[in-house]
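I have placed the structure first, in the form of structure tokens, so that the comments after it can refer back to it.
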Amino acid sequence: MQIHLVSRHLEITDDIRTYIEKRAKKIEAIFNPVIDFQVVMEVEKNRYRTEITLATRKATFHAQGETHDVFSSLDDVIDKIEAQIRRHKERIKDRRHRLSRREVAVQLSGNEEDTPATSDPSDMLTPHFRAPEKFAAKPMSVGEAVMQLRTSGDTLLLFLNAQTDQVNVVYEDDNGEYGWVEPQFA
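Given below as structure tokens:
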């Protein structure tokens, strides 16, 4: 990781440099690899303005802040960067758990396009499975599930019904109407 320090009307002391390096290493431990860490600091009429740009291979984070103290300005901006990184990681984690429309259609139809065609009839009797997909089963109402389905852009959402504590499914059909599947055990 390269750390670039730029100062305007401010002398960066060894204490400030050490503090920035310590906080940058902490960020690198959270989000590795960090390619570039640029800090721009300036002072104007007893106001310390700090701007940080953090570049990784796939994302760039930027934050700025202004306070009456150098270190509190740095803390404020670095906290903003850490919050952006946490939100970014959550988005990535959520994206992994969503099924695309094609995957849902394949699972519902029972056709496995990923399985290789074999000439041995005994292999055709043994089903081939992909690795199971796991998701966070957050309890929610049917209305909340429909709202989440609308915002996700998917056609199917598996969720834990808060009222019955059972796994339910809401889906959107070709007409744009929503359906709800609730298991009933005999």
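Residue numbering for the sequence shown is 2 to 187, as defined by the working numbering.
Cβ coordinates follow ideal geometry from the N, Cα and C atoms, glycine included.
Model, not experiment: these values are computed from the prediction.
In whole angstroms, what separates the C-alpha of residue i from that of residue j?
{"i": "R151", "j": "P34", "result": "35 Å"}
{"i": "A163", "j": "K90", "result": "27 Å"}
{"i": "P184", "j": "Q167", "result": "8 Å"}
{"i": "Y172", "j": "F32", "result": "36 Å"}
{"i": "E83", "j": "K59", "result": "16 Å"}
{"i": "A132", "j": "I28", "result": "32 Å"}
{"i": "V182", "j": "R88", "result": "32 Å"}
{"i": "R24", "j": "R96", "result": "29 Å"}
{"i": "I93", "j": "T156", "result": "20 Å"}
{"i": "G177", "j": "E145", "result": "17 Å"}
{"i": "D77", "j": "F160", "result": "37 Å"}
{"i": "K26", "j": "N47", "result": "28 Å"}
{"i": "D37", "j": "V170", "result": "44 Å"}
{"i": "L54", "j": "S142", "result": "The sequence as given places Thr at residue 54; Leu does not occur at that position. Their backbone Cα atoms lie some 40 Å apart in a straight line."}
{"i": "Q3", "j": "D174", "result": "51 Å"}
{"i": "T148", "j": "E52", "result": "Inspection of the sequence shows that residue 148 is occupied by Met rather than by Thr. About 37 Å."}
Using CA coordinates, which residue listed in the options is at the minimum distance from residue i?
{"i": "H69", "options": "M148, R50 and D174", "result": "R50"}
{"i": "Q65", "options": "I79, D175, K59 and F32", "result": "I79"}
{"i": "K135", "options": "I86, M148 and L158", "result": "L158"}
{"i": "A30", "options": "V147, G154 and T57", "result": "T57"}
Under the DSSP definition of a beta bridge, which residues are partnered with residue i?
{"i": "P169", "result": "Checking the sequence shown, residue 169 turns out to be Asn, not Pro. DSSP lists F160 as partners of N169."}
{"i": "L6", "result": "V40"}
{"i": "G180", "result": "Y172"}
{"i": "L55", "result": "F38 and F62"}
Return the chain-ordered list of same chain residues with a C-beta closer than 8 Å to the C-beta of residue i, the five sequence neighbours on each side being excluded.
{"i": "Y1", "result": "Because the chain here runs from 2 to 187, residue 1 falls outside it and cannot be looked at."}
{"i": "E22", "result": "I4"}
Skipping 5 residues on each side, what residues in its chain have a beta carbon closer than 6 Å to that of residue i?
{"i": "R9", "result": "E43"}
{"i": "P140", "result": "L161 and A163"}
{"i": "L6", "result": "I13 and V40"}
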